[in-house]
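Reading the first sequence from the start, the letters are residues 29 to 614 in the numbering used here.
A virtual CB, placed ideally from N, CA and C, is assigned to each residue, including glycine.
What follows is a set of notes on a single structure, which appears directly below.
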Amino acid sequence: MNVLTSLSASFGEAFAAQNLDPAFGEVVVSGRPDLGQFQCNGALPAAKQAGRNPRDIAQAVVDYLQDRPEFGELSLAGPGFINIILDDHSLVEYASSMRSDRLGIDPVATPRRVLVDYGGPNVAKDMHVGHLRATIIGDSLTRIGKFVGHDVLGDAHFGDWGTQMGQVIVGIKERMPDLPYFNATITDSYPNDSPVTMTDLQEIYPDISERAKRDPDVAEAARLATLELQQGRPGYRALWEHLVTVSQASQRADFHDLGVDFDLWHGESTVHDLIEPLIDQLRTNGLALESDGALVVDVAEPGDKMEIPPLLLMKGDGAYLYTTTDVATLQMRIDELGREEVLYVVDARQALHFEQVFRVGRKAGLVPPEAILEHIKFGTMNGPDGKPFQTRKGGVVKLRDLINMVAQAGLERLAESKVVEYSEEEQTEIARLVGLAALKFGELSNHRQSDYLFDLERFTSLIGKTGPYLQYAVVRTQSILREAKEAGWQPDDLIEPSVEAERRLMLELLRTPDVIDRAWSTRAPNHIAEFAYELAQQFNRFYEECHILREADLARKTSWLSLVELTGRTLTLLLDLLGIEVPDRM
RNA sequence: GCCCGCGUAGCUCAGGGGAUAGAGCGACUGCCUCCUAAGCAGUAGGUCGCAGGUUCGAAUCCUGCCGCGGGCGCCA
């Protein structure tokens, strides 16, 4: 039972009774808690439209609803604001309805088939802080979509088919020229074990990639290797298999440590067999054209604000690019996976690329008009100097190192606490969860689209508005419930609040369904992060003011226990939607 | 040059066309014989980049300007 929906319906009815659009009845959480719990501002625009006095309209709305027992108080203020205070009995009913499964939130009536593309690590490259945003935001969006009730697939979309693969092959050839993969006369019976480890790749790739930028000969060799790989040279394919296996294993481990999972572990190479038919099709229907030796698709349209360059489908030498695989992947997602919405959680700097890919998809009829394609842009993570975050040595911080750093901060915090003694094993686990929470919450509390400063101190901070603050609130609820149980008290029916902090906590809880909806519809998990913090804050106030286990009145005590339980469950859900786990104690 | 994004407290950032713009950190003051102080209460700190416009009402929408970042065919 969503309180805002329900109140808006009542107010809509009151507006309709005056022959006004029921949409004016929209009720929102009050911006002035001193004046009311909720407010309806519809009288002002309604007055404008109807040519009437806003206060008259507001008064008529209030008169219409005044006698309903649901309302404790309806009052007019200013030019025509209606301030709403719920009757406590009604407030308790709303809150009680959340004690059921899924907090009483129904899944959407018409689920959509959605795919979220996020993470996108490159084979042969270590995951670094830059992957953090895409991964954490995408993971959270996927979780939110699933909870809302949609059929959502998360896809890692590995970068395993582009130029960097040719570069790595050249890099390995330089170091180990005698391997059978490079001997064109050998076409099968390659070794079962990879000639390189992830550690080797971490050295080979940056080196060769750097040199390819400066040395035309290296670049040319890499270009050729890429082409030969894509055209199926057996030795390269066999070596490539090893590279993919080795680096995926490492990246899966990184994702696992982050608590991130995917439904699909596809890559660019997954669609390789679709590319030729796709290119033929685009050629046949006249969309793909030769241009400077390359194959392009013109996507400019008359109303464009700026010149949209053609999408480069195939290089002059016949090699494929990420534009090629992206178009083919889009086709597969629509045709084979039956997706109705495809969301790309990718750096905002790639906006033009996706605009081109989407246009090709539409133009070529690969994507039906009603399908939704969205580039979920996110901003750049910068270091203190305003440039992409790097270590002092100049390298980009590896994801794994970052995870270790935040876990270390968690361990140090535990060491400071003198109250409880946990086993070393438990401390390690708590520190891991706390560190991840700090990292994820720090990431998700920013709006995804804004660039932001990566500040290690802030990310490893465990006090104030941080992930651990939220975990701590949940741990408090668990601790209280545990001790109550030992003493023989169980959560029971909610009764009307006796103090303001309790009432405020109930009201805060009621916002939950609306916030989740908004986070999904705007694809912005920071709404959930923000709300979870406010809810935890409200709970901590209640906790300070109401000493639950010492309360003498049994009905009140067991009602409070229910409220504690409900808060704990709500926070746990919200944190889960952010991809944050909570330890039993901390 | 054209296009996109950003500019809010000392710092880092929230902010859904609504009333008196918020939080955290940092600074300063209090609160652990009491459910875990990773907490709570309080003080100080703002011409929401600038100028116009739309609106009953603008940090929020529109236009221009300034500043910062980014993108603009054979990388991803």
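Enclosing beta strand (DSSP E) for residue i [first to last residue]
i, result
"G100", "F99 to A105"
"V182", "Val is not the amino acid found at residue 182; the sequence shown has Gly there. First-last of the beta strand (DSSP E) with G182: D179 to D183."
"E579", "Counting along the chain, E579 falls outside any beta strand (DSSP E), and DSSP gives it neither H nor E."
"I400", "I400 to F406"
"Q67", "F66 to C68"
"L340", "L339 to M342"
Cβ neighbour criterion (16 or more within 10 Å) applied to residue i
i, result
"S21", "Outside the displayed range of the chain (29 to 614) lies residue 21, so it cannot be described from this structure."
"N111", "buried"
"N150", "buried"
"G344", "exposed"
"N30", "buried"
"S549", "exposed"
"E324", "Note that residue 324 corresponds to Val in the displayed sequence, not to Glu. So V324 counts as buried."
"G438", "buried"
"S217", "exposed"
"P553", "buried"
"T586", "buried"
"G79", "exposed"
"E471", "buried"
"V90", "buried"
"D188", "buried"
Three-state secondary structure (DSSP) of residue i
i, result
"S319", "strand"
"Q566", "helix"
"K468", "helix"
"Y450", "coil"
"I133", "coil"
"Q518", "coil"
"K604", "Note that residue 604 is Asp in the sequence shown here, rather than Lys. In the structure shown, D604 sits in a helix (DSSP, three-state: H, G or I)."
"Y348", "strand"
"D145", "strand"
"D375", "strand"
"Y218", "coil"
"N432", "helix"
"E368", "coil"
"N30", "coil"
"K426", "strand"
"L394", "coil"
"V610", "coil"
"F43", "helix"
"L292", "strand"
Beta-carbon proximity of residue i to residue j, cut-off 7 Å
i, j, result
"L35", "V55", "yes"
"R141", "R387", "no"
"F570", "L606", "no"
"Q67", "F109", "yes"
"H185", "D145", "yes"
"A512", "L599", "no"
"G199", "I165", "no"
"T351", "L339", "yes"
"R441", "L490", "yes"
"M614", "V503", "yes"
"R546", "L169", "no"
"D282", "M155", "yes"
"G495", "A465", "yes"
"Y209", "A277", "no"
"K468", "I556", "no"
"A152", "L229", "yes"
"I113", "E101", "yes"
"L317", "A392", "no"
"G411", "Q477", "no"
Chain-order list of residues whose beta-carbon lies under 6 Å from that of residue i (same chain, five-residue window excluded)
i, result
"T191", "T254"
"V373", "Y146, A162, I165, G166 and I404"
"V246", "R239 and A240"
Residue span of the alpha helix (DSSP H) that contains residue i, given as start and end
i, result
"H156", "Premise fails: H156 is in no alpha helix (DSSP H) and is neither H nor E."
"Y233", "M226 to R242"
"Q276", "P262 to L286"
"I112", "Element bounds for I112: not the alpha helix (DSSP H) but the beta strand (DSSP E), F109 to L114."
"V57", "Run containing V57: none in the alpha helix (DSSP H); it sits in the beta strand (DSSP E), V55 to V57."
"K201", "T191 to R203"
"M534", "E528 to L538"
"Y209", "Counting along the chain, Y209 falls outside any alpha helix (DSSP H), and DSSP gives it neither H nor E."
Cβ neighbours of residue i in the same chain (closer than 8 Å, five flanking residues each side left out)
i, result
"Q566", "A529, R532, L533 and E536"
"V224", "I200, I232, H270, L271 and V274"
"V120", "L522, I523, E524, P525 and M534"
Same chain only: Cβ atoms within 7 Å of residue i, ignoring 5 sequence neighbours per side
i, result
"I197", "A253, L257, Y264 and L267"
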